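As they're listed, the protein sequences go chains A and B. Start counting the first sequence at -12; every next residue gets the next number (my numbering). Start counting the second sequence at 67; every next residue gets the next number (my numbering). Just so it is clear, CB atoms sit at the ideal spot from N, CA and C, and this is done for glycine as well. In this text the structure is predicted, and so the values were computed from the model without any measurement.
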Amino acid sequence: MVNLNAVLLISFALFSIGIVGVLIRRNALVILMCVELMLNAANLNFIAFARHSGSVSGQAFALLVMGFAAAEVAVGLALVVALYRKRDTVQVDDINLLKG
Amino acid sequence: MEHFIETIGRNMFAIFGVMALGGAAVVVASRSAVHSVLAFLFAMLCIAGCFLSLEAEFLGMAQILVYAGGIVVLFLFVVMLVEVTKAKEKEVFQLQSRYAIGAVLLGVAAFAAVFRKVIFGVASPQALKLPENLAQGLNVAQQNAQAVSRGLFAGYLLPFEILSVVLLVALVGAVVLAKTERV
């Protein structure tokens, strides 16, 4: 049986990498991928706790999270494509219409 | 040799986990978006391995199907659509990345302080156990797909149905957002 603390450490590191990516990258596509990394870190925790408690709810919920992640990616990528059509860029720094 | 293989088998989760972390680091650090997507694919496959080693077989396979089969392909399409004509990014990272990394490191340190208490503290957490009547018939390890489906459709039917509506809305929304102005 896998040590729960090991899972928590790995998923914590994965989440941190995701947050760093969202905060420091300029490319909107890479930012979307980093959001996915964070969702997967959460999924890892769900499954670890499900394994640890012998209950199946965590796994069912991880499945739901996976579905929502797919929906999020579809909408996010559509936004990126629309943005590229309008502004000819996917760098988030160049999108500063609302900047005062 | 056999001892070696046995050790690897016991530490499968840690191996996959560390490889996933490496893939995630490459996603953040690599200069070209295509490399990022490929590293993302690698990280997702490693996370599927983590799921398998946590005895969530159904979710591991679903992870491979959904991410490697669907999401990564979608990402690749958009990267090809968007990045081909562009020159390489001049600046990969944001201007304020120094502050961002500092803030995240601060958060990591705070979390590590809590975590240290959990790991090295006197009373490490005991395994949670469901009451017998709830756990009955839900042996996660043996019949994973059956157990997951029972848990999903018994306890989470409404969220499941809402998810299907959300997926439909996302589908329509993606089409509306990405289509060209002239019809």
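Open item on the list: Checking 8 Å against the spacing of the C-beta atoms, do leucine 172/B and valine 138/B come in under that value?
Closed with: If you number the second sequence from 1, residue 172/B lands on position 106. If you number the second sequence from 1, residue 138/B lands on position 72. Not a contact, by the Cβ cut-off of 8 Å.
Open item on the list: For isoleucine 70/A and valine 77/A, what's the separation of their Cα atoms in angstroms?
Closed with: Here residue 70/A refers to the residue found at position 83 of the first sequence. Here residue 77/A refers to the residue found at position 90 of the first sequence. Correcting the residue identity first, residue 70/A is leucine in this sequence and not isoleucine. Spanning the two alpha carbons is a distance of roughly 7 Å.
Open item on the list: If the criterion is Cβ atoms closer than 8 Å, does the pair valine 92/B and alanine 105/B meet it?
Closed with: The residue labelled residue 92/B in the question sits at position 26 within the second sequence. The residue labelled residue 105/B in the question sits at position 39 within the second sequence. Yes; because the gap between Cβ atoms is below 8 Å, this pair is in contact.
Open item on the list: For a cutoff of 8 Å on Cβ pairs, would you count isoleucine 113/B as touching chain A?
Closed with: Here residue 113/B corresponds to residue number 47 of the second sequence, with the count starting at 1. Closer than 8 Å to some Cβ of chain A, the Cβ of isoleucine 113/B qualifies, so yes.
- [ ] Thinking valine 62/A and glycine 135/B are a contact (beta carbons under 8 Å), I'd like their distance in whole angstroms, please.
- [x] Along the first sequence, one-based indexing puts residue 62/A at 75. Along the second sequence, one-based indexing puts residue 135/B at 69. That pair is no contact at about 19 Å.
Open item on the list: Am I right that leucine 26/A and cysteine 116/B are in contact with their C-beta atoms under 8 Å? What's the rounded C-beta distance?
Closed with: Start at 1 with the first residue of the first sequence, and residue 26/A comes out as number 39. Start at 1 with the first residue of the second sequence, and residue 116/B comes out as number 50. 14 Å between Cβ atoms; not a contact.
TODO: Look up glutamine 129/B in the DSSP assignment and say whether it is helix, strand or coil.
DONE: Residue mapping note: residue 129/B aligns to position 63 of the second sequence, counting from 1. Helix.
Open item on the list: Nearer than 7 Å: is that true of the beta carbon of leucine 85/A relative to any heavy atom of the ligand MG?
Closed with: Looking at this structure, you won't find the ligand MG or any other ligand, since it has none at all.
Task: Neighbouring residues, chain A, relative to phenylalanine 159/B (Cβ below 8 Å) - done: Start at 1 with the first residue of the second sequence, and residue 159/B comes out as number 93. In chain order: Ile11, Arg12 and Arg13.
- [ ] Report, in whole angstroms, the separation of the C-beta atoms of leucine 10/A and alanine 166/B, which I expect to be a contact under 8 Å.
- [x] Locating residue 10/A in the first sequence gives position 23, where the first residue counts as 1. Locating residue 166/B in the second sequence gives position 100, where the first residue counts as 1. Indeed they touch by this definition, with Cβ atoms about 4 Å apart.
Open item on the list: To the nearest angstrom, how far is the alpha carbon of arginine 182/B from that of phenylalanine 79/B?
Closed with: Locating residue 182/B in the second sequence gives position 116, counting from the first residue. Locating residue 79/B in the second sequence gives position 13, counting from the first residue. Cα to Cα, the separation comes out at about 21 Å.
Task: Spatial distance of leucine -9/A from serine 163/B (CA atoms) - done: Locating residue -9/A in the first sequence gives position 4, where the first residue counts as 1. Locating residue 163/B in the second sequence gives position 97, where the first residue counts as 1. In a straight line, the C-alpha of leucine -9/A is about 32 Å away from that of serine 163/B.
Open item on the list: Quick check on this structure: which residue in Ala0/A, Arg72/A and Ser3/A has the alpha carbon closest to the alpha carbon of leucine 243/B?
Closed with: For the purposes of this step, residue 243/B is taken as residue 177 along the second sequence, with counting starting at 1. When each option's Cα is compared against that of leucine 243/B, the closest is Arg72/A.
TODO: With 8 Å as the C-beta to C-beta threshold (strictly closer), list the residues of the stretch 114 to 127 of chain B near chain A in chain order.
DONE: Cys116, Phe117, Ser119, Leu120, Glu121, Ala122, Phe124 and Leu125
- [ ] In the DSSP assignment, find the alpha helix (DSSP H) that holds glutamate 23/A and state where it starts and stops.
- [x] Residue 23/A sits at position 36 when you count from the first residue of the first sequence. Element bounds for glutamate 23/A: 15 to 40.
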